[in-house]
Amino acid sequence: MDRLGAEKTTMKTSRIGKLIGVSLGPGDPGLITRRAWEVMQSDVHWAYPVRSRSSDSYALDIVQRAGLNMPKNYSPLLFPMTHDPEKLSIYWLEAAQTVLSVLQAGRDVAFLVEGDASTYSTFGHLARTLSALDAAIEVEVIPGVTSFNAAAASVGKPLADVDDTVVIVPAGYGIAMLERLLDDADTLILLKVKPLLNDIIDFLARRNLLAHSCFIEKTGAPEERIVHDVASLKGEKVNYLSLLIIKNPDRQRGEIARGCRKVVRVEEQ
Ligand SMILES: C[S@@+](CC[C@H](N)C(=O)[O-])C[C@H]1O[C@@H](n2cnc3c(N)ncnc32)[C@H](O)[C@@H]1O
1 MDRLGAEKTT
11 MKTSRIGKLI
21 GVSLGPGDPG
31 LITRRAWEVM
41 QSDVHWAYPV
51 RSRSSDSYAL
61 DIVQRAGLNM
71 PKNYSPLLFP
81 MTHDPEKLSI
91 YWLEAAQTVL
101 SVLQAGRDVA
111 FLVEGDASTY
121 STFGHLARTL
131 SALDAAIEVE
141 VIPGVTSFNA
151 AAASVGKPLA
161 DVDDTVVIVP
171 AGYGIAMLER
181 LLDDADTLIL
191 LKVKPLLNDI
201 IDFLARRNLL
211 AHSCFIEKTG
221 APEERIVHDV
231 ASLKGEKVNY
241 LSLLIIKNPD
251 RQRGEIARGC
261 RKVVRVEEQ
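First residue of the sequence shown: 1, per full-length UniProt numbering; consecutive thereafter.
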């Protein structure tokens, strides 16, 4: 091989792939964006999160229901359900190292994400850990429909009208935090409700909000469930993929002056 040929070979093999966070929406294949669809059909390596070595991936289920076949190259990445930061960082590192080796071989990696990749997603952990291993790696995010946007559409409740305030929060912050947030929220979206559902139901009953609340499980999936009688869920073990939309119709908002809400100072209350 001449010198030029050798250089060309070096240039070819030194291409580093990029990591693409591919948002797939919350479950209905019809909510996969055109951009995500194009990437999934290109010559990329698929990676997707699993909770354990034997569990299925919800993100993978969405693309399979959309009719896409598994590519030749794919990697399940283990993101177990634990709050132990030490354990988590070990799994994030392992996942990032797996992705890095594929990128270093010159192939792009599409990380499949349910919902939106920028919203409480494992993709954030993966991208951060990968950048810590190699800051030069390019990361692209394809935005998608979030679970709560799709859930609001399913139940026919607008998330926000006119100048409504919307608060989106993982329920794990606890009831005291929800009590505080509710005073400023016309719409409260609670994610990750499973472990605290009984306490949340008591809180909603205390604040007279049961009639204004709705529970949505696996929105967009064939098993989607909408429960308007939220109190009936007391004691039930619901799916992790579930959320609550709570409307707060009696919130004190302050008067409108020249298009802006009048600031209510503490001493005026
Ligand atoms: C780790 S967060 C992921 C959020 C997701 N990236 C999004 O854009 O909606 C997981 C929480 O999102 C909510 N969630 C995600 N997908 C859902 C679905 N299909 N139906 C109902 N809730 C869902 C649940 O509250 C779940 O506990």
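A virtual CB, placed ideally from N, CA and C, is assigned to each residue, including glycine.
Is residue j closer than 9 Å to residue i when the C-beta atoms are compared?
i: residue 126; j: residue 102; result: no
i: residue 219; j: residue 154; result: yes
i: residue 35; j: residue 92; result: no
i: residue 197; j: residue 178; result: no
i: residue 243; j: residue 192; result: yes
i: residue 139; j: residue 20; result: yes
With DSSP as the reference, identify every bridge partner of residue i, one or two as the case may be.
i: residue 140; result: 20
i: residue 48; result: 76
i: residue 115; result: 25
i: residue 233; result: Looking at the DSSP assignment, residue 233 forms no beta bridge with any residue, so it has no partner.
i: residue 145; result: Residue 145 pairs with nothing; no bridge assigned.
i: residue 244; result: 190, 215
i: residue 170; result: 191
i: residue 110; result: 20, 46
Using C-beta distances below 7 Å, list every residue in its chain close to residue i, excluding the 5 sequence neighbours before and after it, in chain order.
i: residue 63; result: 24, 40, 112
i: residue 104; result: 16
i: residue 66; result: 29, 32
Report the three-state DSSP secondary structure of residue i (helix, strand or coil).
i: residue 158; result: coil
i: residue 255; result: coil
i: residue 11; result: Model confidence at residue 11 stands at a pLDDT of 49, short of 50, so the residue's coordinates are unreliable; what they give is reported in the following sentence. Reduced to three states, the DSSP call for residue 11 is helix.
i: residue 201; result: helix
i: residue 32; result: coil
i: residue 185; result: coil
i: residue 238; result: coil
i: residue 58; result: helix
i: residue 206; result: helix
CB-CB under 6 Å to residue i, same chain, minus the five flanking residues each way: which ones, in chain order?
i: residue 146; result: 115, 116, 119
i: residue 71; result: 46
i: residue 107; result: 17, 45
i: residue 74; result: 46
i: residue 55; result: none
Leaving out the 5 sequence neighbours to the left and right, which residues in its chain are closer than 8 Å to residue i when beta-carbon positions are compared?
i: residue 160; result: 166, 186, 187
i: residue 57; result: 48, 49, 50, 76, 112
i: residue 52; result: 78, 80
Could you tell me how far apart the beta carbons of residue i and residue j are, in whole angstroms, since I believe they sit closer than 8 Å?
i: residue 216; j: residue 226; result: 5 Å
i: residue 150; j: residue 245; result: Actually they do not touch by this definition, with Cβ atoms about 11 Å apart.
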